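Number of protein chains: 2
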Amino acid sequence: MKTLKKIILLLIFSGSVVQLSAQKASWIWYPGDFDIYMSNVMQNRRTERGSFFPVFWKMDSHYVLVDFHKEFNLSQPEEVKLFVEGTYNVKIDGQAISGFPKSIQIPAGKHKLSLKVYNQAHVPSIFVQGKTIVSDETWLSTFEDKEWIDASGKTSDKSGTTFVSAGSWNLNDPNQLPSQFKLPVIAQYAAKTEKTNNGSLSDFGKETFGFIKVHGLKGKGRLSIYYGESKEEALSIDKCETLDNLDIDLQQKKDSIMPLSKAFRYVNFQPGNGVSADSISMLYEYAPVTERGSFKSSDAELNKIYDVAKYTFHLNTREFFIDGIKRDRWVWSGDAYQSYLMNYYSFFDAPTVKRTLLAQRGKDPVTAHINTIMDYSFYWFLGIYDYYKFTGDQKFVQDIYPRMQSLMTYIDGRKNKNGLLEWMPGDWIFIDWADKLSKDGEVSFEQLLYARSLETMALCAKLANDTNGATQYDQQAKALKAKIFELYWNQQKSALVHSRINDKQTDNVTRYANMFGIFFDYFSPEQKLAVKENVLLNGKVAKITTPYMRFYELEALCAMGEQPYVLKEIKNYWGGMLKLGATSFWEEYNPEKKGTEHLEMYGRPFGKSLCHAWGASPIYLLGKYYLGVQPVTAGYKTYTIEPNLGGLAWMEGKVPTADGDISVYCSKKEIRVSSATGTGKLRFKSKSKPVVKNAEVKEISKGLFEVTIEKGRDYEVRYSG
Amino acid sequence: MKTLKKIILLLIFSGSVVQLSAQKASWIWYPGDFDIYMSNVMQNRRTERGSFFPVFWKMDSHYVLVDFHKEFNLSQPEEVKLFVEGTYNVKIDGQAISGFPKSIQIPAGKHKLSLKVYNQAHVPSIFVQGKTIVSDETWLSTFEDKEWIDASGKTSDKSGTTFVSAGSWNLNDPNQLPSQFKLPVIAQYAAKTEKTNNGSLSDFGKETFGFIKVHGLKGKGRLSIYYGESKEEALSIDKCETLDNLDIDLQQKKDSIMPLSKAFRYVNFQPGNGVSADSISMLYEYAPVTERGSFKSSDAELNKIYDVAKYTFHLNTREFFIDGIKRDRWVWSGDAYQSYLMNYYSFFDAPTVKRTLLAQRGKDPVTAHINTIMDYSFYWFLGIYDYYKFTGDQKFVQDIYPRMQSLMTYIDGRKNKNGLLEWMPGDWIFIDWADKLSKDGEVSFEQLLYARSLETMALCAKLANDTNGATQYDQQAKALKAKIFELYWNQQKSALVHSRINDKQTDNVTRYANMFGIFFDYFSPEQKLAVKENVLLNGKVAKITTPYMRFYELEALCAMGEQPYVLKEIKNYWGGMLKLGATSFWEEYNPEKKGTEHLEMYGRPFGKSLCHAWGASPIYLLGKYYLGVQPVTAGYKTYTIEPNLGGLAWMEGKVPTADGDISVYCSKKEIRVSSATGTGKLRFKSKSKPVVKNAEVKEISKGLFEVTIEKGRDYEVRYSG
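Note that the protein sequences, when read in sequence, are chains A and B.
Quick note: the first sequence uses full-length UniProt numbering, first residue 1, plus one each step.
Quick note: the second sequence uses full-length UniProt numbering, first residue 1, plus one each step.
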């Protein structure tokens, strides 16, 4: 918005007569293609002890031949500059211009400008820059032209071409080709360096990510660099997860940057015989997102948890939302789904959500679940509806809806005789990293996610104007929900059982389906209370040891008003990691483990990721359930603020939205709110009638008060909490 | 076969102990991927007057991430060299080797060697060369590994991965990366050059194809080269179809090769002000296929027709079978289908057929007909069964069968309420280039091709061991055939009508469905005779003016024993082009046109291709219906030889097969046959009992005799024809 204003301002001051529609030109491509391409680039940067370690699922590719066009009505002729990544042709009103013009003249009047681009290696992309003609998402694109000519040269008058609006990442520099896209870097230095063997061990002070730069590298021989998220890992040259082994042949001293970025806190730098260097530093690589969300409270430990969570999340926010920075650096749908939610309470970076959703889904045909994981297909659907709810971006839902349909068709095609999903060859049923977690038979958790995904399909069908689809998905969702309660609800246990095997309920009760059932609002109030007591607060039901599932467990408890309990859990669990020296949050944390056991996973001594996106969930929980801000209708058109101190003396923070922030301060006596968006309802309990400056307060039920919040004003409430 | 023997011999002489399975290593890739990739490269070489002119249908892409593996049992350790196009890892028995090794040691015993390759720009490919371990089509490949690990690092034991055998083009040079693949060239010179304006006009003596080489190019300015299949075209700098416009800045004389190969006979070379050159020559670019088929007869004009047809066909046989060398240079399925048949009677180059079939089909999902043309989808199916019939290569049918299924599913999904196909948005109903040819309603020709394609599906389903599919497709084909006769056969006209509109037969009778009905053997003997008289030999039914449909028209007449009539037609039609100076056969030839009218098409004065593959059909007709050789069972295991002089005094020629040639000489008194394959039945008519050396002769019906031909022997028959 700011940029647009600036341009218009500039143009007004420079005296040019321009249309108000003047916009910044962007590189554009077939929607989703750059996302798929760039996710291939990013995900193929994984290495394991020097070996290339690509994903195991299908990697899709961009369309190699794409046609772009837009119609313009010019009041005067206009010179238009063309920048293209690929081999191309240019047509004005269907007439080709010879060669590969870099600039063309478009006459006044109504004209159609088309470019067709072929590029196998990179994404076919164009950047068009005239006074009023600019490339942006209003251009139309297609990967197949269903037009032809007859023997006389006449073009068919019955086109079957499907045009869709172009995709873009708002890359605004015509001289920077999309394929050259890189995240920014800044130089950083180790906090401490000590000599070890022939080399040195550097401690960068906390978990970080980037390229190691070797200053004054010289000589002939082998250079080895061992990376460690822990000191133990960096020193374990045989077992550290990532390393560089390079053969050096430099007669003169030269500063050299390692080819691949890595995650580390410690770097064990070992030049072999004949190789020397002056020092090392790093180029910290980061996503240029803005930290908009904030949280501060009377509890210093909680504040530290919030800060470390935000840092953990920022490190894992890259070209896409990835799982963890050391090992996979892949786009895992279940992990990303949590990142979306954390993002809405921190960066509110909508483009990264869209990119990640597009990259995960790839292209048709669907040959497997997303990441091959059944549950991960479902999170993908849920992520789209959440995206709409938080951003109000209906166009994206419409654009991606066909790809939602084809994934759901794939899933529907895998139902068993009971209309339920169970393992089939090629399916990974993940749920969580947990010992002895059964994946056999018809697992209730998967059916629950299936039902929720069908509800999502029904909602998105409506947004995409597919009325029949909406009805059909809605019916399918209702039928499945009814079946879930008929088949999995155990009256005696007052809980959903974990699974059915051979058409019979198993005895097993786990937390998964039960906690999701709560915040999906699938239970009756009585069932909800029973589930809370019998499952969530029941120490006998197997405990969760990953922050991944703790996210949902704590969310379920918050949704039932258990903020004081959850606050203690957050302090115990995340505070527990901090006490062990964590500078970012982990892939898994089991308080019962000791010492270097915390570093192990997957049967490898340093297999565990110590900086995992799903470790950052306090960002989300504190924003949504303590500051208590969440959208009611899409894009915060309406929303609620229900502050819950959960035992804190005071807290304050900001929740970002597309239009600006919502600020909340809350102590036991005072609530202050201001908002840059929509219409909010501030709700709070008070023992006596609260005093509100400049606004009315309603008592909507006994002891529960509500103030309507309009944007651009400050609200102050005095109450007795 | 020869190469294999040579290797084994060499190894025996060198005293090494090797397994007999020792083979030449090839570059391998995921099947179909290099075909798709290279067809993109080739088809994107089209230009029109200096503008890039790509295809309008969807271009697919290779899988960017591919896993290859094979298990070996080694009697002793072996060093294996690795060549890879892409970023890769190497695993022995699942254990990754660090870095990007170029050579590895594999221990004795049973081991699995795996390489996983990522390449966005080019096809992920490997070349593995050890003593016994070599990369070839026995390796397995996949684009998605459906395997995963649990938290302990244990790999899932229930894989859902589909492995298919790798693809190859038998590229045997490890240092020549597949992406560098190029057809060979040889230097050739103009027959005659004359000065024009500042430049020169060169006549290369006949239609040809390649890169123009400019000798001693020097200076600063514009160089223009105008290409012509005719002199008129080369001289028409405003209307010639292809040209080069280059900005030159050379201080020293330099020999320069033009970037894109072109089709031409005449080259109009025009250096602009400040630019000069000594001379031009060309690099003739060609497919290195062997001209195995041959035909010679007592008729010199027919011999010339055969030779020009073979040259025309060779020019259009490139990386794939293309339509014509000047303009499109694309892989059109209907054109290629005829090329396959011509190929079986000339080069017998099976790889080019496979490549072309794979390139046309591309990848799923199917979003349009092949080349967007309904009829062209059907020719694709027919081409696969023909391929099997001529080569006996069942494995290819099995490999491609899933892609046949998905294309047929797409087509089945487009049936109308009557179970028939008619135009839908995006469909091009081509049939032929012909004036006033109606494409409205339910066209009989399309239904006929649909029925034949379903029969093909049934046959291929059997070959691919899909028993249910075979039954289902067979039933579908039978039902459709019955419906065609019920709905389109007009008793009064004794012919199939052209179409139905609004559920009613039209009055229109065209040649298309009727001639295909003959060689599909869909008619009863009475219907066949009636169709021949009422349609094929009926001057009132609109004439065919493309060699494309003349192919089938003449085939239908040959199939009914009308060789004398067809011979006259061949001499008139193809001889007619020769009389007009053709050095290759044309896209269209209408004897009623005059002078430069013959060069026009698509509303452009030089729009017509003067070297079009479908112009070469005499190759096929003379081999199959005059020499009379055709397979009965797949791969010429059994076959027939039914020579038909059609009025010639004598003829002789060779028909190639996978195992060697079948030679036929036939005069009115003598037939000589020898064969390198299968078991043949030589059948001929004789007024008296024939004399056969070294073999028995049977009279199978009155005046019709049969001799069984075994391979490796010479047969001589004296008869009275």
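Positions of the beta carbon are idealized from the N, C-alpha and C atoms, including for glycine.
Quantities reported herein were computed from a predicted structural model and do not represent experimental measurements.
Please list the terminal residues of the continuous beta strand (DSSP E) segment that includes residue 531/A. Where residue 531/A is concerned, there is no enclosing beta strand (DSSP E), although the alpha helix (DSSP H) it sits in stretches over 525 to 531.
Does chain B have any CB closer than 8 Å to the CB of residue 160/A? Among the residues facing chain B, residue 160/A is included, as its CB has a counterpart in that chain under 8 Å away.
Per DSSP, residue 90/A forms a beta bridge with which residues? Residue 90/A is bridged by DSSP to 97/A and 115/A.
If you draw a straight line from the C-alpha of residue 737/A to the C-alpha of residue 168/A, how long is it? Chain A is shown only over 1 to 721; residue 737/A falls outside these bounds and no answer can be derived.
Straight-line gap, residue 254/A to residue 283/A (C-alpha atoms, nearest Å): Taking the straight line joining both Cα atoms gives about 16 Å.
Based on the DSSP secondary-structure assignment, which residues constitute the bridge partners of residue 612/A? According to DSSP, residue 612/A shares a beta bridge with 324/A.
I'd like the list of long-range same chain contacts for residue 232/A, defined as Cβ closer than 7 Å, with 5 residues on each side in sequence excluded. Within the same chain, residue 232/A has close Cβ partners 596 and 599.
Counterpart residues of residue 136/A in DSSP-defined beta bridges: Its beta-bridge partners do not exist; DSSP assigns none.
So the candidates are 387/A, 365/A, 271/A and 415/A; which of them puts its Cα closest to the Cα of residue 403/B? For residue 403/B, the nearest C-alpha among the options comes from 365/A.
Distance between beta carbons of residue 652/B and residue 665/B, contact taken as under 8 Å: Right, the Cβ-Cβ distance comes to about 4 Å (below 8 Å), so this counts as a contact.
Is any beta-carbon of chain B found at less than 8 Å from that of residue 120/A? Output row for residue 120/A: interface = yes.
On a Cα-Cα basis, can you pick out the residue from 164/B, 526/B and 159/B that is closest to residue 138/B? Residue 138/B has its Cα closest to that of 164/B, out of 164/B, 526/B and 159/B.
Among the candidates 244/A, 311/A, 323/A and 268/A, whose CA atom is the shortest distance from the CA of residue 258/A? Selected option, being the one with the closest Cα: 244/A.
Would DSSP call residue 514/B helix, strand or coil? When secondary structure is reduced to three states using DSSP, residue 514/B falls in the helix class.
Starting from residue 641/B and walking both ways along the beta strand (DSSP E), at which residues does that stretch end? Segment 638 to 641, the beta strand (DSSP E) holding residue 641/B.
Check whether the Cβ atoms of residue 357/A and residue 383/A lie closer than 8 Å to each other. Taking the C-beta atoms as reference points, residue 383/A is found nearer than 8 Å to residue 357/A.
Distance check for residue 445/A and residue 467/A, CA to CA, integer angstroms please. When rounded, the separation of the alpha-carbon atoms in residue 467/A and residue 445/A is 29 Å.
First and last residue of the beta strand (DSSP E) that includes residue 227/B? Its beta strand (DSSP E) spans residues 199 to 228.
Below-8 Å beta-carbon distance, residue 675/B vs any chain A residue: Not one chain A Cβ lies under 8 Å of residue 675/B.
Between the C-alpha atoms of residue 58/B and residue 70/A, what's the straight-line distance to the nearest angstrom? Each residue's alpha carbon lies about 20 Å from the other.
Could you name the residues of the same chain whose beta carbon sits closer than 8 Å to that of residue 68/A, not counting the 5 residues immediately before and after it, in chain order? Excluding five sequence positions before and after residue 68/A, the CB atoms of its chain that fall closer than 8 Å to its own CB belong to 28, 114, 115, 116, 117, 126, 135, 139, 140, 141 and 166, given in chain order.
What residue does the alpha helix (DSSP H) around residue 402/A start on, and which one ends it? Per DSSP, residue 402/A belongs to the alpha helix (DSSP H) from 394 to 412.
I'd like the list of long-range same chain contacts for residue 645/B, defined as Cβ closer than 8 Å, with 5 residues on each side in sequence excluded. So the list reads 563, 626, 651, 666, 667, 668 and 721, once near-sequence residues are dropped.
Note down the Cα distance separating residue 640/A from residue 412/A, rounded to an integer number of angstroms. Going from the Cα of residue 640/A to the Cα of residue 412/A covers about 36 Å.
Which residues DSSP lists as bridging residue 349/B, in chain order: Note: residue 349/B sits in no beta bridge, so no partner.
With a threshold of 8 Å between beta-carbons, can residue 704/B be considered close to chain A, or not? Residue 704/B does not count as touching chain A.
So, are the CB atoms of residue 473/A and residue 449/A less than 8 Å apart? Going by C-beta atoms, residue 473/A is not nearer than 8 Å to residue 449/A.
Within 10 angstroms of the Cβ of residue 335/A, are there 16 or more other Cβ atoms? Answer buried if so, exposed if not. Flag for residue 335/A reads buried.
Cβ neighbours of residue 518/B in the same chain (closer than 7 Å, five flanking residues each side left out): Correct list, in chain order: 528, 531, 556, 559 and 560.
Residues from the stretch 366 to 387 of chain B in contact with chain A, defined by Cβ distance under 7 Å: Within the stretch 366 to 387 of chain B, the residues whose Cβ lies closer than 7 Å to some Cβ of chain A are 367, 368 and 372, listed in chain order.
If the cut-off is 7 Å on Cβ atoms, which residues from the stretch 411 to 422 of chain A count as contacting chain B, listed in chain order? Flagged: no residues at all.
Given that residue 722/A touches chain B, what residues does it touch there, using C-beta distances under 7 Å? Because chain A is modelled from 1 through 721, residue 722/A falls outside the range shown and cannot be assessed.
Under 9 Å (Cβ pairs) to chain A, residues found in the stretch 79 to 111 of chain B: Those residues of the stretch 79 to 111 of chain B that come within reach of chain A (Cβ to Cβ, closer than 9 Å) are 87, 88, 89, 90, 91, 96, 97, 98, 99 and 100.
Could you tell me whether the Cβ of residue 144/B comes closer than 8 Å to any Cβ of chain A? Cβ-Cβ to chain A under 8 Å: yes for residue 144/B.
Looking only at C-alpha atoms, which of 516/B, 630/B and 429/B sits nearest to residue 451/B? The shortest C-alpha separation from residue 451/B is found at 516/B.
Nearest to residue 280/A by alpha carbon, out of 188/A, 361/A, 370/A and 304/A? Comparing alpha-carbon positions, the option among 188/A, 361/A, 370/A and 304/A lying closest to residue 280/A turns out to be 188/A.
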